[in-house]
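Everything on this sheet refers to the single structure shown next.
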Amino acid sequence: MHDSSIVTLYMNKAKELGIEILKSALKKETFHNINGSYTVPLAGKVSYSVSGVQVTEFQVNQAGAEFAAGTGVDLSVQDAKVLMSGNWKLASFLGDDSGTVDINIDRLTISTVMGVDRGDEGRLRVWYESCRSAMGDFRLKFYGGTSWLYNIAASALRDMLKSEVNQQLCSEVKKGIDKIAEILKTMNVSAQLDPIAGIDYSLVEKPMIDVDRCNVDLKGQFYTVGKTLHSGPFQPAPFLLPNQTDSMILLGISELVANSAAFVYYTAGALRVNYTDAMVPKSLPLRLNTKNVGIFVPELNERFPNMPMEFHLAAQKEPEIRFQPTGMEVTLFASAEAFVILPNASLASVFLLNIDANLTGQPLLKPGKSGKSLGYAGASVALKKLRLSKEWSKVGEIRVTVLETLLKAASNLGMSRLNRTHVHRH
Numbered sequence: 001m002h003d004s005s006i007v008t009l010y011m012n013k014a015k016e017l018g019i020e021i022l023k024s025a026l027k028k029e030t031f032h033n034i035n036g037s038y039t040v041p042l043a044g045k046v047s048y049s050v051s052g053v054q055v056t057e058f059q060v061n062q063a064g065a066e067f068a069a070g071t072g073v074d075l076s077v078q079d080a081k082v083l084m085s086g087n088w089k090l091a092s093f094l095g096d097d098s099g100t101v102d103i104n105i106d107r108l109t110i111s112t113v114m115g116v117d118r119g120d121e122g123r124l125r126v127w128y129e130s131c132r133s134a135m136g137d138f139r140l141k142f143y144g145g146t147s148w149l150y151n152i153a154a155s156a157l158r159d160m161l162k163s164e165v166n167q168q169l170c171s172e173v174k175k176g177i178d179k180i181a182e183i184l185k186t187m188n189v190s191a192q193l194d195p196i197a198g199i200d201y202s203l204v205e206k207p208m209i210d211v212d213r214c215n216v217d218l219k220g221q222f223y224t225v226g227k228t229l230h231s232g233p234f235q236p237a238p239f240l241l242p243n244q245t246d247s248m249i250l251l252g253i254s255e256l257v258a259n260s261a262a263f264v265y266y267t268a269g270a271l272r273v274n275y276t277d278a279m280v281p282k283s284l285p286l287r288l289n290t291k292n293v294g295i296f297v298p299e300l301n302e303r304f305p306n307m308p309m310e311f312h313l314a315a316q317k318e319p320e321i322r323f324q325p326t327g328m329e330v331t332l333f334a335s336a337e338a339f340v341i342l343p344n345a346s347l348a349s350v351f352l353l354n355i356d357a358n359l360t361g362q363p364l365l366k367p368g369k370s371g372k373s374l375g376y377a378g379a380s381v382a383l384k385k386l387r388l389s390k391e392w393s394k395v396g397e398i399r400v401t402v403l404e405t406l407l408k409a410a411s412n413l414g415m416s417r418l419n420r421t422h423v424h425r426h
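Structure, rendered in structure tokens:
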């Protein structure tokens, strides 16, 4: 299982998301028609209708996003400016009139709580929980029609429209959140990575939301393409992250992620490689042939003098990966079958070795020294154990101990160089 915790120290992205949610909820919506009547001195009863009201401009001066403990996310905009337009109609015993109207709202504040939960099949589920709306100035500007009629009605109409619009703002926000909820119902919670494997990143349980953080548990399990997502001998187990409040993201990856990947690729037969002389760096003087390998297998060069070779390396079982407080430990179980390439290009199998190796790795994360760099990321890898054993040989004795010692030295040298060069700046 993969666990991440986002703290409020870095909520800028969440604020941007909140603004976009509210903008998308309001910008392209058409408000419900507003109908009613009121009594005006001298004019008597006046019936009104305002229809086709749309938001034409939405400016946000301040925005915020906070966690709503136990529920979800509280999104808000403050001191916003909204311009709207629509059509108006008035009817009284003095006559009927119509035209268009611009609505200008200043110092608008909207705050909405969006609930967050685990939905069907581990998808993220959101819902509209609550909304509050308040506005400062509310101005109307009428176009068309007879000015004296709408002027005597403007004051009363403004108060009624202000109340109606204030209520409908939250209704439109609810519509926007409902649309997001519908999209999430069909959201993919798995992805195919290559022809062999995919990864299931569905939610394991409901996100745990506190006032200053959100803990999200994702499954993070690899699966074989074409088979059920839940295939494999693994079950996610929960684990805890430290209560660290000075980081933007705390990311935890359990052994399930790594071991399920190893299982999938091993069962698909993908953990094998044929190592040929063409893969040996040109800078190395020792080539992959019977003359050089014959140092460890004396009879080899006698029977196949100075002929090219290749090794077929294959995992004998899936690698075992364990996460320790000091880093990661990987145990490999492999075989190396040696072949001589004959003049007719056919392969002659000459011996088979079993290889048991134990590697340790530790991620290296360093903070950046300036605001232009997020820091440094890399890894330190070391060979903890290497053991060779002869399974069989068609070319007599194999000096396994000598070969093992040489491979250990070469591996340690190569990993030392790798550790010095593979640190990346981000």
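With the UniProt record's numbering applied, the sequence shown covers 1 to 426. Just so you know, even glycine gets a beta-carbon here, dropped at the ideal spot from N, CA and C.
Whole angstroms are fine: how far does the CA of residue j sit from the CA of residue i?
| i | j | result |
| --- | --- | --- |
| Ala181 | Val126 | 5 Å |
| Val189 | Val225 | 14 Å |
| Thr326 | Gln362 | 7 Å |
| Ile253 | Gly269 | 25 Å |
| Ala348 | Asn358 | 30 Å |
| Leu353 | Leu251 | 39 Å |
| Arg287 | Ile249 | 48 Å |
| Ala63 | Thr109 | 10 Å |
| Gly95 | Val40 | 14 Å |
| Ser85 | Cys131 | 23 Å |
| Phe31 | Ala68 | 28 Å |
| Phe351 | Trp392 | 6 Å |
| Lys175 | Ser111 | 15 Å |
| Asn87 | Asn33 | 10 Å |
| Ala154 | Gly52 | 19 Å |
| Ile183 | Arg123 | 11 Å |
| Met208 | Pro285 | 59 Å |
| Tyr265 | Lys317 | 11 Å |
| Ser49 | Gly36 | 7 Å |
| Asn243 | Thr360 | 27 Å |
| Ile6 | Ser260 | Any reading at Ile6 is ruled out, since the residue's pLDDT is 45, under 50, leaving its predicted position unreliable. |
| Ser411 | Pro281 | 15 Å |
Judging by CA-CA distance, which residue of the options is the nearest neighbour of residue i?
| i | options | result |
| --- | --- | --- |
| Lys89 | Leu157, Ile321, Val330 and Asn419 | Leu157 |
| Lys394 | Thr56, Val297 and Val73 | Val297 |
| Asp217 | Ile103, Asp117 and Asn354 | Asp117 |
| Tyr275 | Ala314, Val211 and Leu403 | Ala314 |
| Gln192 | Leu203, Val340 and Phe222 | Phe222 |
| Gly44 | Ile34, Ser92 and Val82 | Ser92 |
| Lys141 | Ser411, Pro308, Arg417 and Ile103 | Ile103 |
| Glu320 | Glu255, Gly64 and Asn344 | Glu255 |
| Asp74 | Asp212, Val280 and Arg387 | Asp212 |
| Ala345 | Thr360, Phe323 and Met307 | Met307 |
| Ile199 | Thr39, Val257 and Ser76 | Val257 |
| Tyr38 | Met160, Gly176, Met187 and Thr331 | Met160 |
| Lys162 | Gly294, Arg139 and Val273 | Arg139 |
| Met187 | Met415, Gly176, Thr100 and Glu121 | Glu121 |
| Ser98 | Tyr143, Gly72 and Met135 | Tyr143 |
| Arg387 | Val60, Thr100 and Phe333 | Phe333 |
| Asp178 | Tyr128, Leu284, Ser416 and Arg123 | Tyr128 |
| Val101 | Leu83, Met114, Arg107 and Leu418 | Leu83 |
| Ile398 | Lys384, Leu407, Leu418 and Leu300 | Leu300 |
| Asn292 | Lys227, Gly145 and Leu403 | Leu403 |
For chain D, check one thing: does any of its Cβ atoms lie closer than 8 Å to the Cβ of residue i?
| i | result |
| --- | --- |
| Gly220 | You won't find chain D in this structure, because it holds only one protein chain. |
With DSSP collapsed to three states, give me the class of residue i.
| i | result |
| --- | --- |
| Phe333 | strand |
| Arg132 | strand |
| Pro319 | coil |
| Tyr223 | strand |
| Gly52 | strand |
| Asp97 | strand |
| Ile110 | strand |
| Glu20 | helix |
| Asp120 | helix |
| Met187 | coil |
| Asn259 | helix |
| Ser393 | strand |
| Gly70 | coil |
| Arg158 | helix |
| Ile249 | strand |
| Leu403 | helix |
| Asp277 | helix |
| Gly269 | coil |
| residue 427 | Outside the shown range of the chain (1 to 426) lies residue 427, about which nothing can therefore be said. |
| Leu90 | strand |
| Gly198 | strand |
| Val77 | strand |
| residue 448 | Residue 448 falls outside the range modelled here, since the chain spans only 1 to 426, and no answer is possible. |
| Ser85 | strand |
For my contact list, residue i and residue j are in at a C-beta cut-off of 8 Å; report their separation, rounded to the angstrom.
| i | j | result |
| --- | --- | --- |
| Phe311 | Glu329 | The Cβ separation is near 25 Å, so there is no contact. |
| Thr290 | Val340 | 6 Å |
| Gly115 | Thr71 | 5 Å |
Give a single yes or no on whether residue i has its beta carbon closer than 7 Å to a heavy atom of the ligand MG.
| i | result |
| --- | --- |
| Lys185 | As for the ligand MG, it is missing from this structure, which has no ligand bound. |
Could you name each continuous beta strand (DSSP E) segment of 3 residues or more that falls completely within the segment 289-314, going from the start of the chain to the end?
none
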